[in-house]
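Taken in order, these protein sequences are the chains called A and B. Residues in the first sequence are numbered consecutively from 1, following the numbering used here. Residues in the second sequence are numbered consecutively from 1, following the numbering used here. The beta-carbon is built from N, C-alpha and C at its ideal position, and this holds for glycine as well. Note that this is a predicted model, so its numbers are computed, not measured. Following: one structure in structure tokens, then a few remarks.
There are 2 protein chains.
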Amino acid sequence: MSGLNVHPGIDVYELDTPALLLDLDAFERNINKMAAFFKDSPVKLRPHSKTNKCPIIARKQIEAGAVGICCQKLGEAEVMVQGGIRDILICTEIVTPLKISRLVNLAKHADLKVVVDDIENVRNLSEAAGAKGIVLDVLIDINMGRNNRSGIDPGSSVIKFAQELVKHKGVRLRGLQGYEGYMMFVNPLEERKRECLEIMGRLMETKTFLERAGFNIEIVTGGGTGTYMITGRYPGVNEIQAGSYIVMDSKYATIEGVDFECALSILGTVISRPSKDRAVLDVGFKSASTDSGPPSFKSAPSLEYKSGGDELGRIVIKDPSLPLKAGDKLELWPSHCDTTINLHDNYYAIRKGKLEAVWPIAGRGKSA
Amino acid sequence: MSGLNVHPGIDVYELDTPALLLDLDAFERNINKMAAFFKDSPVKLRPHSKTNKCPIIARKQIEAGAVGICCQKLGEAEVMVQGGIRDILICTEIVTPLKISRLVNLAKHADLKVVVDDIENVRNLSEAAGAKGIVLDVLIDINMGRNNRSGIDPGSSVIKFAQELVKHKGVRLRGLQGYEGYMMFVNPLEERKRECLEIMGRLMETKTFLERAGFNIEIVTGGGTGTYMITGRYPGVNEIQAGSYIVMDSKYATIEGVDFECALSILGTVISRPSKDRAVLDVGFKSASTDSGPPSFKSAPSLEYKSGGDELGRIVIKDPSLPLKAGDKLELWPSHCDTTINLHDNYYAIRKGKLEAVWPIAGRGKSA
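Structure representation (structure tokens):
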């Protein structure tokens, strides 16, 4: 346990603030609900740990049936391997000599897979792996539309890439990554389904091209919290990368078909009530991310949160008789779980209003 | 030095990325320029350390003439005291029993001052200080217009507050804080000056009321990087809280009259060039804050940065012949220094393209 007076069993309102709270009952229901979705399916969950940045949480997901985890950055994967996780897919390209050296060192201690979309990168990975006496598992990263991130365009041209790839003996082709990230927040569900099925069709066509050309495509991975119910039932996909479901946030809560519970909140303290129509909270940009909009009040929905700078928030009070005063504690829903979690050093894991544990966010800031 | 292969003298492009770079020449010119402004003035600089979160930087500011520092949160002040800083103004109200206990413990090891705007809070501070056998220095926090944060409205009503305050023997009234935060980004300078002079007039009127009522108002503190040249020359003000000047950012760089150099950048690596018109960078929301807009490219101004998620950015390439490829490194200007610094664990201090030192951002995440 970290910090003064932070002991299991204390009331949540005894915590110093800002504090990132994790409601364990809701969190466990989320784990179990997603695990149940995949239980009798050929598809496995490989939850994205960029959301939670916490080996304790990754272990709980694996205990509930996940096949391993995804990491967005090598630094996260290093933390997860140190935290006892062995089966990791790194979902972004690892391209510099220094990072490739870190990658092959880590691969000696874990079952690592990494995505590729460039033959020069494949050559560099292969040489580094060969020099260490290992073979590195790779997945071809496929551009899933809207040209918004990395990846090779789907279609028959991927065959040529795969043919070049397998000439490099330090790497082994394991499958395809087709992450349809930009679809996560498409509402309504029917529209998301239509777009998702269309692009998944192109991914499966690519898989078929490769198989006909003699390649063994073991793994096809994609999907997120917004699309797991579509992609996770699409024939041929066998791993799903959903991460946010574990804690959710106020943006995901507006997405049709994403029926998980918001388990994460930020506990703040009113530090000033200078007038009837406003108060000041100790939660600013450095405790609640705003890339998906401001946080909102959990415990008092009539209150409105407005940015008040790096370390403070302004509370707009519509009911002037509200007895809100300096020292009062309020809970906020984050608008974006990933970026809010990355601001904090610990989760304060709460059950029925009492502190049960403090979980370090060991991957916080490990963006390199 | 932290990390693999991170040694003084290496080339900046050998650093693993994302990395937060501090250009030491520009940084030192900023320190010296601001110090020169205050050199023969009755006004002292008390730079805000919420920007830099780094005791090494705070010590350099004090060596250059600053009277002490400001902190926005108690957790920051604790880090700064551990880092050898003694004279600290905490610019936000400290109201909970736990924080008050931390405050009076810290005050035994440092010359702390804290702002107040509520008599019940004054009573609590006084009792806690008395129980520790100390007297805590306090400044009355004055609402500087637009009702956007904490503070008592300026004017004669502050007299009554001060009369109540001095009944509490565990605290000592040292002065007034009038921080005109919302004015920092008012352009043009003439408009900012007009607004600033108006509200400073009300602050000085309040000071006069208090002095006529027999109170000794030693310290009048306010001002920031956007207003130091106005507030810092306003008769009666004697401390200025500017912080961002030390490193600047692309938003402050657009503000008329703020003539400091952008000394901070984010080094990133291209991880994919999937097509002629786009590339993917390893810098996302978790390495460059976006509360003041996206970062922009320092080394290649024709490139446009677009958000690509938590850990990635998309690069829009207008010139398709640009030879940008996976592994290439690019530097970005942050849009907001405070919130970007708070994402990183270290500054990589660079001089003429070579690493000179790694400075831990010891106050990162110390928002409680």
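6 Å Cβ shell around residue i - same chain, five flanking residues per side excluded
| i | result |
| --- | --- |
| R10/B | Reading off the sequence shown, one finds Ile at residue 10/B, where the question assumed Arg. If we look at I10/B and ignore the five residues flanking it on each side, its Cβ neighbours are L355. |
| S244/A | T51, T225, Y252 and C337 |
| R202/B | P154 |
| G145/A | I199 |
| D141/A | V115, D117, S150, G151 and Q177 |
| P360/B | N346 |
| N342/A | R364 |
| G232/A | V43, G223 and I240 |
Distance between beta carbons of residue j and residue i, contact taken as under 8 Å
| i | j | result |
| --- | --- | --- |
| R46/A | V67/A | 5 Å |
| L267/A | V12/A | 7 Å |
| D291/B | T290/A | 5 Å |
| S287/B | W333/B | That pair is no contact at about 13 Å. |
| I271/A | V95/B | 5 Å |
| I88/B | C71/B | 6 Å |
| L139/B | K113/B | 6 Å |
Which of helix, strand or coil DSSP assigns to residue i
| i | result |
| --- | --- |
| S2/A | With a pLDDT of only 45 at S2/A, under 50, the local geometry of the prediction cannot be trusted, and no value is derived from it. |
| V220/A | strand |
| S307/B | strand |
| T269/A | strand |
| V158/B | helix |
| E331/A | strand |
| P274/B | strand |
| C196/B | helix |
| A58/A | helix |
| A66/B | coil |
| D11/A | strand |
| L322/B | coil |
| V79/A | helix |
| G363/B | coil |
| I152/A | strand |
| R174/B | strand |
| V122/A | helix |
| V104/A | helix |
| C262/B | coil |
| D117/B | coil |
| L343/B | coil |
Cβ-based neighbour list, residue i, same chain, cut-off 8 Å, excluding 5 preceding and 5 following
| i | result |
| --- | --- |
| R278/A | R314, I315, V316 and I317 |
| N30/A | Y245, I246, V247, M248, F260, E261 and A263 |
| G308/B | V280, L281, G284 and R314 |
| E205/B | P154 and G155 |
Those residues which DSSP pairs with residue i across a bridge
| i | result |
| --- | --- |
| Y348/B | L21/B and V358/B |
| I134/A | In DSSP, I134/A forms no bridge with anything. |
| A111/A | In the sequence on display, residue 111/A carries Asp and not Ala. D111/A is bridged to D87/A. |
| F297/B | L332/B |
| L45/B | I240/B |
| V316/B | R278/B and E304/B |
| V186/A | According to DSSP, which records beta bridges pairwise, V186/A is partnered with nothing at all. |
| C337/B | According to DSSP, which records beta bridges pairwise, C337/B is partnered with nothing at all. |
Cα-Cα separation, residue i to residue j
| i | j | result |
| --- | --- | --- |
| T208/B | G65/B | 28 Å |
| P295/B | E120/B | 43 Å |
| L196/A | E180/A | With the sequence shown as reference, residue 196/A is identified as Cys, and Leu is not the correct amino acid for it. Going by the C-alpha atoms only, they are around 8 Å apart. |
| E331/A | P18/A | 10 Å |
| L22/B | A362/A | 25 Å |
| I219/A | L322/A | 56 Å |
| K329/A | K298/A | 11 Å |
| V43/A | F37/A | 10 Å |
| T221/B | M184/B | 15 Å |
| I90/B | K276/B | 51 Å |
| N148/B | R273/A | 11 Å |
| G130/B | N124/B | 10 Å |
| A242/A | Q61/A | 11 Å |
| N187/A | T254/A | 9 Å |
| N238/A | N216/A | 14 Å |
| M34/B | A368/B | 30 Å |
| L136/B | N105/A | 54 Å |
| V358/A | L15/B | 33 Å |
| H168/B | P97/B | 17 Å |
Residues near residue i in its chain [Cβ-Cβ closer than 7 Å; skip 5 each side]
| i | result |
| --- | --- |
| H109/B | V81 |
| G257/A | L189 and M229 |
| L24/B | A349, I350, R351 and E356 |
| V324/B | This sequence places Leu at residue 324/B; Val is not what is there. Cβ within range, chain order: V270, R273, A279 and I317. |
| E127/B | G170 |
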